[in-house]
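Down below is the structure, laid out as structure tokens.
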Amino acid sequence: MIDIQFIRDNPDLVAQKSVQKGYAVDIPHLLELDARRRELLGGVEMARAERNAHADTLRQGKPSPEQIETGKQLKEKLTAVESGLEPLEAEYQELLRAVPNMPLDYVPVGATEDENQVVKTVGEPANFDFTPRHDYQLGELHDLIDKERATKIAGSRFAYLKGDLVRLQFALIQYVMNKLGDEQFIATLVKENNLQVSTKPFTPVLPPAMLRTEPYRASARLNAEEVTYKIEQDDLWMQASAEHTLCTMYWNEILPEDMFPIRYLGYATSFRREAGTYGKDEEGIFRMHQFDKLEMESFTTAETGLDEHKLHVAIQENLVRALGLPYQLLQKCTADIGKPNAAGVDINCWFPGQGKYRETHTADYMTDYQARDLKIRVRRKSSGQAELVHTADATGFAMSRTLKAILENFQTADGHVIIPEVLRPYMNGQDQI
RNA sequence: GGAGAGGUCGCAUAGUGGUCUAGUGCGCCGCCUUGGAAAGGCGGUAUAGGGGCAACUCUAUCGAGGGUUCAAAUCCCUCCCUCUCCGCCA
């Protein structure tokens, strides 16, 4: 949720930037509601003050019939003004929540994801002297992926992953957990990128996989119900990313300043309905209903939020480079960053099977937009004041997409797959599949 | 699944219709005291919104929402959550 005061102060800017993000919000109408709401609220509060003052005079003893009569009249008056406020309040809240976060100035303006800016292209796609195989072909060759039986059991977009592919996943998890848990590693990236942030390492977290409606809504991440599974019986949602259960972790809390920055590396199985994607990426394990993901989530003070986001991106790049995957770094445009985002970056890795760069990573910077509705605040040491925190999240590795990228990029003519060197120590030194 | 208890200020607790403008203890902050500290004393100690240059002030918040009443932490209804015991279970 955005600050209503900001909208009051910058109505044109908010309208303009909302449109740039693809959210048509009637700002003049919102401000009109806001003004009327405040006016009515004034009346309601005055009526309440009168009622309270009257109640004060009756503190002791029994009230006289006259006093009860006065009280009745005050009550009627209050009910009358309150009834005017109620529908207005509901509409106001709905409209206010419809306003997206404001993109930062450097975010390119664009109407579709095609206008995302390629910031850099790193690494060269391998020049195979044979037709590169897809993940499912390599999977079949080494008995690594069984989608057919998974479909029999669970339906489309599920898979049994087996053998070396599973070992590879656990190696990847272990590798990332070790890197992000190493203060020296963080310190190097902070220095290299000239960031004004702490060198504190990330704490690994296994979060719950389900969450309740109320915190989910407040996180501004439950805006696409077609992507999220719901357990009707228990009124719970399956998280579609560890980010969802991580960013909500401190819901309704005020945290001491010396806890900051709070850096988590979550690992969770994520679930997506993928409704409306029939026929899209049906082959292989690129787009699944269920996939495992390492996810960074940071809570920071306002001053360090942007640099924290940049740290996330630096970490992502470092990890992708360490594997040796060719990739593009994209500055996402206003249309693609998402409603709660102030900025966002994608990393698209090269997939030889498709001959394309496809999205494997994303990094989101929310400023205080999520925190406002989630009511997550920091208690400042100097002033004692409670201020909204900033949140930023970023993909560590989405397992299935990364496994696919490794399979396809490092394949050999005879159908083997060379395991990235950094992962070999976590696979008993195994160097190929 | 069965039975029971409970959700009050950062924490712990008191509070069963009007003196609750939510008490007390702990914690925290400031001051006094001290050579310095401890102990002690005094004062303060939330969040959100509205008004005001400010001092300050008004409103809301005792799990959530509704109701009864002149008046609700307290009574009624619905829901949510937590805990304990039993059963089942990785």
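In the working numbering, each residue's number is its place in the first sequence (first place is 1) plus 56. Cβ atoms here follow ideal geometry from the backbone N, Cα and C, with glycine treated the same way. Note that the structure is a prediction, hence the values are computed from the model and not measured.
#1: Helix, strand or coil for Asp348, going by three-state DSSP, please let me know.
#2: Should Asp191 and Ile341 be called a contact, given that it needs their Cβ atoms to be closer than 8 Å?
#3: Whole-angstrom Cβ separation of Leu152 and Leu86, contact assumed at under 8 Å?
#4: Rounding to the nearest angstrom, what Cα-Cα distance links Val478 and Leu379 in this structure?
#5: Let me check one thing: in DSSP terms, what residues is Asp402 bridge-paired to?
#6: Go through its chain and collect everything with a Cβ distance to Lys131's Cβ below 8 Å, but skip five positions before and after it.
#7: Under the assumption that His368 contacts Ala448 (Cβ atoms under 8 Å), give the Cβ distance between them as a whole number of angstroms.
#8: To the nearest angstrom, how far is it from the Cα of Thr269 to the Cα of Arg94?
#9: In this structure, does DSSP put Met57 in helix, strand or coil?
#10: Residue range of the alpha helix (DSSP H) that Glu180 falls in?
#11: Comparing C-alpha positions only, which one of Phe241, Ala109, Ala154 and Leu144 sits nearest to Ala91?
#12: Looking at the unbroken alpha helix (DSSP H) that takes in Ile371, where does it start and where does it end?
#13: Tell me whether Leu262 is buried or exposed, calling it buried when 16 or more other Cβ atoms sit within 10 Å of its Cβ.
#14: Could you spell out where the beta strand (DSSP E) holding Thr259 opens and where it closes?
#15: In angstroms, rounded to a whole number, what distance separates the CA positions of Ala358 and Glu309?
#16: Give the DSSP bridge partners of Tyr216, in chain order.
#17: Just how far apart, CA to CA, sit Val137 and Ala109?
#18: Taking the beta carbon of Gly219 as the centre, do at least 16 other beta carbons fall within 10 Å, making it buried, or is it exposed?
#19: Is DSSP giving Leu278 helix, strand or coil here?
#20: Spatial neighbours of Tyr306 within its chain, please: CB distance less than 6 Å, with the 5 preceding and 5 following residues excluded, ordered by chain position.
#21: Compare the Cα-Cα distances from Leu69 to each of Leu160, Leu141 and Thr356 and report the closest residue.
#22: Just grab the DSSP bridge partners of Ala442 for me.
#23: For Pro271, does the three-state DSSP call read helix, strand or coil?
#24: Just confirm the distance between the C-beta atoms of Lys77 and Ala276, as a whole number of angstroms; I'd bet it's less than 8 Å.
#25: Whose C-beta lies closer than 6 Å to the C-beta of Thr284 among residues of the same chain, with five residues either side of it excluded?
#26: Could you check how far apart the C-beta atoms of Ala399 and Val163 are, in whole angstroms? I think they sit under 8 Å.
#27: I think Gly361 touches His446, with their Cβ atoms under 8 Å apart; what is that distance to the nearest whole Å?
#28: From which residue to which residue does the beta strand (DSSP E) around Arg319 run?
#29: Have a look at Phe214, Gly411 and Lys286 and flag the residue whose alpha-carbon is nearest the alpha-carbon of Leu267.
#30: Give the DSSP-derived three-state secondary structure of Tyr192 in the structure shown.
#31: Are there 16 or more other CB atoms within 10 angstroms of the CB of Glu351, so buried, or fewer, so exposed?
#32: Thinking just about the alpha-carbon of each residue, which of Glu101, Glu122, Tyr79 and Gln149 is nearest to the one in Asp59?
#33: What is the DSSP secondary structure of Lys286, reduced to helix, strand or coil?
#34: In three-state terms, what does DSSP make of Ile83?
#35: Taking C-beta to C-beta, are Leu141 and Leu97 nearer than 8 Å?
#36: Rounded to a whole number of angstroms, what is the C-alpha to C-alpha distance between Phe226 and Asp487?
On the basis of the coordinates in this document:
#1: strand
#2: yes
#3: 7 Å
#4: 7 Å
#5: Leu386 and Thr418
#6: Arg107
#7: 6 Å
#8: 29 Å
#9: coil
#10: No alpha helix (DSSP H) holds Glu180; DSSP gives it neither H nor E.
#11: Leu144
#12: Gly361 to Leu379
#13: exposed
#14: Thr259 to Val261
#15: 16 Å
#16: Asp202
#17: 18 Å
#18: exposed
#19: coil
#20: Ile432
#21: Leu160
#22: Arg435
#23: helix
#24: Actually they do not touch by this definition, with Cβ atoms about 13 Å apart.
#25: Trp293 and Ala296
#26: 5 Å
#27: 3 Å
#28: Ile318 to Phe327
#29: Lys286
#30: helix
#31: buried
#32: Gln149
#33: strand
#34: helix
#35: yes
#36: 15 Å
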